[in-house]
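Asker:
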Amino acid sequence: MSVAIAPEERMARSYLTDGYNLKSWLLTTDHKRIGLLYMVSITLFFFVGGAAATILRLELMTPKGDLIETADAYNRMFTLHGVVMVWFFLIPSIPAVLGNFLVPVMIGARDMAFPKLNLLSWYIFMAGGIIVLATLIAGGVDTGWTFYVPFSSMFSNTFVVPAAAGVFIVGFSSILTGLNIIVTTHTMRCPGMTWDRLPLFVWAQYATSLIMVLATPVLAITVALLAAERIWGVGIFDPRLGGDPILFQHLFWFYSHPAVYIMILPGFGVVSEIIPCFARRPIFGYKFMAGALLAIAFLGFIVWGHHMFVSGQSMYAGFVFSIISFLVAIPSGIKVFNWTATLYKGSIRFDTPMLYALGFIGLFTIGGLTGLILASLAVDVHVHDTYFVVAHFHYIMVGGMVMAYLGGIHFWWPKLTGRMYSEWWGKLSALIVFFGFNLTFFPQFVLGYLGMPRRVYEYTEDYQILHIMSTLGASILAVGYLLPLSYLILSLWFGKHATGNPWSATGLEWQTTSPPPTHNFEETPVVTEAPYAYDPVVAEAEYRASLAEIEERPRVNHT
Amino acid sequence: MSTTHELLQEPPLAEHFDDLEQQHLSAQLGMWIFLATEALFFGGLFCAYTVYRRMHWIEFVVASRELNVAAGAINTAVLLTSSLTMALAVRAAKLRERRWLLIYLAITIVFGAVFLGIKAFEWSEDYERGLVPGSLFTFPFRPEFAGFAEIFFLLYFLMTGLHAIHLIIGIALVATVAGFCARHQYVAQGENLVEMTGLYWHFIDVIWVFLYPLLYLIDVHR
Ligand SMILES: [Cu+2]
Numbered sequence: 001m002s003v004a005i006a007p008e009e010r011m012a013r014s015y016l017t018d019g020y021n022l023k024s025w026l027l028t029t030d031h032k033r034i035g036l037l038y039m040v041s042i043t044l045f046f047f048v049g050g051a052a053a054t055i056l057r058l059e060l061m062t063p064k065g066d067l068i069e070t071a072d073a074y075n076r077m078f079t080l081h082g083v084v085m086v087w088f089f090l091i092p093s094i095p096a097v098l099g100n101f102l103v104p105v106m107i108g109a110r111d112m113a114f115p116k117l118n119l120l121s122w123y124i125f126m127a128g129g130i131i132v133l134a135t136l137i138a139g140g141v142d143t144g145w146t147f148y149v150p151f152s153s154m155f156s157n158t159f160v161v162p163a164a165a166g167v168f169i170v171g172f173s174s175i176l177t178g179l180n181i182i183v184t185t186h187t188m189r190c191p192g193m194t195w196d197r198l199p200l201f202v203w204a205q206y207a208t209s210l211i212m213v214l215a216t217p218v219l220a221i222t223v224a225l226l227a228a229e230r231i232w233g234v235g236i237f238d239p240r241l242g243g244d245p246i247l248f249q250h251l252f253w254f255y256s257h258p259a260v261y262i263m264i265l266p267g268f269g270v271v272s273e274i275i276p277c278f279a280r281r282p283i284f285g286y287k288f289m290a291g292a293l294l295a296i297a298f299l300g301f302i303v304w305g306h307h308m309f310v311s312g313q314s315m316y317a318g319f320v321f322s323i324i325s326f327l328v329a330i331p332s333g334i335k336v337f338n339w340t341a342t343l344y345k346g347s348i349r350f351d352t353p354m355l356y357a358l359g360f361i362g363l364f365t366i367g368g369l370t371g372l373i374l375a376s377l378a379v380d381v382h383v384h385d386t387y388f389v390v391a392h393f394h395y396i397m398v399g400g401m402v403m404a405y406l407g408g409i410h411f412w413w414p415k416l417t418g419r420m421y422s423e424w425w426g427k428l429s430a431l432i433v434f435f436g437f438n439l440t441f442f443p444q445f446v447l448g449y450l451g452m453p454r455r456v457y458e459y460t461e462d463y464q465i466l467h468i469m470s471t472l473g474a475s476i477l478a479v480g481y482l483l484p485l486s487y488l489i490l491s492l493w494f495g496k497h498a499t500g501n502p503w504s505a506t507g508l509e510w511q512t513t514s515p516p517p518t519h520n521f522e523e524t525p526v527v528t529e530a531p532y533a534y535d536p537v538v539a540e541a542e543y544r545a546s547l548a549e550i551e552e553r554p555r556v557n558h559t
Numbered sequence: 560m561s562t563t564h565e566l567l568q569e570p571p572l573a574e575h576f577d578d579l580e581q582q583h584l585s586a587q588l589g590m591w592i593f594l595a596t597e598a599l600f601f602g603g604l605f606c607a608y609t610v611y612r613r614m615h616w617i618e619f620v621v622a623s624r625e626l627n628v629a630a631g632a633i634n635t636a637v638l639l640t641s642s643l644t645m646a647l648a649v650r651a652a653k654l655r656e657r658r659w660l661l662i663y664l665a666i667t668i669v670f671g672a673v674f675l676g677i678k679a680f681e682w683s684e685d686y687e688r689g690l691v692p693g694s695l696f697t698f699p700f701r702p703e704f705a706g707f708a709e710i711f712f713l714l715y716f717l718m719t720g721l722h723a724i725h726l727i728i729g730i731a732l733v734a735t736v737a738g739f740c741a742r743h744q745y746v747a748q749g750e751n752l753v754e755m756t757g758l759y760w761h762f763i764d765v766i767w768v769f770l771y772p773l774l775y776l777i778d779v780h781r
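Those protein sequence lines, which keep their order, are chains H and L. The first sequence: position 53 = 53 (my numbering), numbered continuously. Quick note, my numbering runs 559 ahead of the 1-based positions in the second sequence.
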């Protein structure tokens, strides 16, 4: 069977077969292998953060503290959940895994501009991660992921300095990833890959990287100052010296609001690849899509004060921050409308990545619109620090980013591993994730609106029914996350061999083999047309032919 | 090929680049982006300085008078001169004058070390005069301002300390590059390395150009 031999031959010279020992992975400078190193690491952190979330949700099923008995322990648990999920899962998720793997392939380059720095970034990430995990084992931190002073600097008796050190260190890993992506996009594009032919995924990684390199250093100096204050007992934010704790909030949110966009822009990139492919239509308004990414990245730097409406900052500053926050809705709206317009008159297929992408659009829209509610000065006073805020940002970060990450992992899984996963299980889990997510977080909007404050472990009995719904949803969501973990891993042994382009997608990454060879292409590709050259009529036939070809492939290697 | 050309080997090209120009552009762009992150890293401190100077301007003036302006001025001259020798080193690398390259790098290191020496002298002086924030802080000169003067000295030590750490890294980098160029017959990647190290060195210099007037010269014009 000639069909049976072809994939084995191809496997024989892919980046995965270029060395099998541990050293060939731990000392690799291949951006694809580094992407996989990141994937394994952040998956680990995701389940650590997820375990913490599970404990929080179980505790909140009853109005009294029974599973977690003290407010202190509860504080440590949600801090752990926040720190791990924000810095060790969400921020590196798409940029460091898919971005690392795909950006060079998508622009026709052989590797990132700085392969050694790329590897270094993973080691820095792991160093920061190990410090944070050690902190957690030693007893944890109770400040929340925001580390607000003066509580964190003068009153907390927990391990603030080691946790801050972990965050400080991991920041440099995202700076290095961002720096690498920016330089790679500028200097490594293959002939014909002009800026207006760049896939929107690359635009999204580029915009994200700008935020990473410009915002992260400010976080670094902020947590360094916090650590200095704790270690030496005098500090810049210390009111006894005339310092201003509000300055900490300004500096912290100068990073952390843009960081929120680090946690959503890459998702935009993934969805912008998936939607045209499964609607078989060119993306609607390419230039506006790219421009909107840059506009969101830029606006992200001048809205941080909307986190501080009730902090005592100037009322006039509040006005300005509120208005600029509303402006973010314009580019975000462009994105949602253009994805929807791309679907119009398309030939839509509901494969697993598409289910995640469609789920993303709906959930991101809800998350974005509730963001506008929070950006309104008067309403924010009512819902500030309630579950309304918690629900809002989980719609963006989990409903948005995690959905996009999973959609992207499924979409490019054949490219990453050379294997197809089980489509049936894929679709089922996408639906479970969507249902579980909404059941978890929609009741939290209601809870917050009714006045349930965040970060407390006991509450009055009126809220219980909504909390039970939320916990039930979280259990369903957990199943939805464990399923892909299982069938994706199993696909490595039992999945069908993927062709180079199983989805009949456009884009350079689909023109090389699955998985790609070590330097991505046999010869440097030349780009001659605009991206997303899909045709709903012709491509449909191609797509069926490609699936039929995969069907004929054997499930396991016979070597 | 002439014999001189053989001595001056081309810098080796990493396999993922197409040509030397692409490699050079990438290194340059990468370095500038890194310097942008460094500027924002210091930016947090400059921001705090601006806010507190406006809030406590009298204390800042009084506290600033206690710094050793002369030592700061000498240090400014030393560091600016070191930037000159660094620029000359970059030029020597471009012209492939290996001997001059090493000489200029060595002078740059010496200037860097002199700066650190003078800075250490200043710090020990500050320590003896009770200007180090914390339990040792006494500020005997104008005790009525001691309260908020402490935050000035905190900023002073953090900013000059962070600057000194950068300078130490800079000296280590220059020494490494010099060692690399001394070992290899010619510079190999040296040209790129010297240029990038030079950018970093000038950055450290520029930071000091801001620190000196903001910390030392607040009250000098009167
Ligand atoms: Cu924000």
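From the three backbone atoms N, C-alpha and C, an ideal C-beta is built for every residue, glycine too.
Please compile the residues from chain H whose C-beta is within a distance smaller than 7 Å of the C-beta of L:A607.
Answerer: Chain H residues near L:A607: I236, L247.
Asker: Please return the same chain residues whose Cβ sits closer than 6 Å to the Cβ of H:S514, not counting the five positions on each side in sequence.
Answerer: Excluding residues within five positions, the ones whose Cβ falls inside 6 Å are P414, K415, G418, A498, G500.
Asker: Would DSSP call H:R76 helix, strand or coil?
Answerer: The answer is helix: DSSP assigns H:R76 an H, G or I state.
Asker: Under the criterion of a Cβ to heavy atom distance below 7 Å, does H:H622 qualify as lining ligand 1?
Answerer: Given a span of 1 to 559 for chain H in the structure shown, any question on residue 622 of chain H remains unanswerable.
Asker: When you check each C-beta in the segment 164 to 187 of chain H against every C-beta of chain L, which residues fall closer than 7 Å?
Answerer: Of all residues in the segment 164 to 187 of chain H, I175, L179, I182, V183, H186, T187 have a Cβ within less than 7 Å of some Cβ in chain L.
Asker: Does DSSP put H:T365 in a helix, in a strand, or in coil?
Answerer: It is helical.
Asker: Please state whether DSSP places L:R657 in a helix, a strand or coil.
Answerer: Helix, per DSSP.
Asker: I need the boundaries of the alpha helix (DSSP H) containing L:M614, first residue and last residue.
Answerer: Note, L:M614: alpha helix (DSSP H), 579 to 614.
Asker: Using a C-beta to C-beta distance shorter than 7 Å, which residues of chain H count as neighbours of L:S585?
Answerer: In chain order: A113, V183, T187.
Asker: Given that H:L214 touches chain L, what residues does it touch there, using C-beta distances under 8 Å?
Answerer: Near H:L214 (Cβ distances below 8 Å), the residues of chain L are A595, T596, L599.
Asker: Can you name the start and end residues of the alpha helix (DSSP H) that L:E709 belongs to?
Answerer: Counting along the chain, the alpha helix (DSSP H) containing L:E709 begins and ends at 705 to 742.
Asker: Output, in sequence order along the chain, the residues in the segment 466 to 492 of chain H whose CB is closer than 9 Å to any CB in chain L.
Answerer: If the cut-off is 9 Å between Cβ atoms, the segment 466 to 492 of chain H has nothing near chain L.
Asker: For ligand 1, is there any heavy atom lying closer than 7 Å to the beta carbon of H:V260?
Answerer: Checking every heavy atom of ligand 1 against the Cβ of H:V260, one is found closer than 7 Å.
Asker: How about L:L732 and L:Y759: do their beta carbons lie closer than 8 Å?
Answerer: Result yes, Cβ atoms of L:L732 and L:Y759 sit closer than 8 Å.
Asker: So is H:R13 buried or exposed if we call it buried at 16+ other beta carbons inside 10 Å?
Answerer: The residue is exposed, with fewer than 16 neighbouring Cβ atoms inside 10 Å.
Asker: If you follow the alpha helix (DSSP H) that H:P331 is in, where does it begin and where does it stop?
Answerer: Counting along the chain, the alpha helix (DSSP H) containing H:P331 begins and ends at 329 to 343.
Asker: Using 8 Å as the limit for Cβ to Cβ distance, is L:M755 near chain H?
Answerer: So no, L:M755 is outside the interface.
Asker: Residues of chain L with a CB under 9 Å from the CB of H:A228: which are they?
Answerer: Near H:A228 (Cβ distances below 9 Å), the residues of chain L are L713, L717.
Asker: To the nearest angstrom, report how far apart L:V765 and L:G631 are at their CA atoms.
Answerer: If I take the Cα positions, the gap works out to 14 Å.
Asker: For the alpha helix (DSSP H) containing H:E542, list its first residue and its last residue.
Answerer: 538 to 551 is the span of the alpha helix (DSSP H), which, as asked, contains H:E542.
Asker: In chain order, what residues of the same chain have a beta carbon less than 8 Å from the beta carbon of L:S561, not counting five sequence neighbours either side?
Answerer: Confidence is the limiting factor: at L:S561 the pLDDT is only 34, short of 50, which leaves the residue's position unreliable, though a coordinate-based value still follows. Result list for L:S561: empty, nothing under 8 Å.
Asker: Enumerate in chain order the residues of its own chain whose CB-to-CB distance from H:I476 is below 7 Å, with the five nearest sequence positions on each side excluded.
Answerer: Same-chain partners within the cutoff: I432, F435, G436, L439.
Asker: Does L:S641 pass the burial test, meaning 16 or more other C-beta atoms within 10 Å, or should it be called exposed?
Answerer: Under this definition L:S641 is a buried residue.
Asker: Return yes when at least one heavy atom of ligand 1 lies under 7 Å from the C-beta of H:H307, else no.
Answerer: Yes.
Asker: Should the segment 274 to 293 of chain H be regarded as contacting the segment 305 to 324 of chain H, the criterion being three or more beta carbon pairs within less than 8 Å?
Answerer: Touching, no, given that fewer than three Cβ pairs across the two stretches are closer than 8 Å.
Asker: Compute the Euclidean distance between the alpha carbons of L:E565 and L:W767, then round it to the nearest angstrom.
Answerer: Confidence is the limiting factor: at L:E565 the pLDDT is only 33, short of 50, which leaves the residue's position unreliable, though a coordinate-based value still follows. Taking the straight line joining both Cα atoms gives about 42 Å.
Asker: Between which two residues does the alpha helix (DSSP H) harbouring H:E229 extend?
Answerer: Note, H:E229: alpha helix (DSSP H), 200 to 232.
Asker: Nearest to H:G400 by alpha carbon, out of H:V260, H:F337, H:V40, H:L200?
Answerer: The candidate whose alpha carbon is nearest that of H:G400 is H:V260.
Asker: Counting only the same chain and skipping the five closest in sequence on each side, list residues whose C-beta sits under 8 Å from that of L:F576.
Answerer: These residues qualify, in order along the chain: Q582, S585.
Asker: Do you know offhand how far H:A545's Cα is from H:V538's?
Answerer: Taking the straight line from one Cα to the other gives about 11 Å.
Asker: Which residue's Cα is closest to the Cα of L:H761: L:M645, L:T596, L:Y686?
Answerer: Ranking L:M645, L:T596, L:Y686 by Cα distance to L:H761 puts L:M645 first.
Asker: Just the Cα atoms here: how many angstroms apart are H:A430 and H:T352?
Answerer: Rounded to the nearest angstrom, the two C-alpha atoms are 7 Å apart.
Asker: Skipping 5 residues on each side, what residues in its chain have a beta carbon closer than 6 Å to that of H:I396?
Answerer: Here the set comprises I264, G367.
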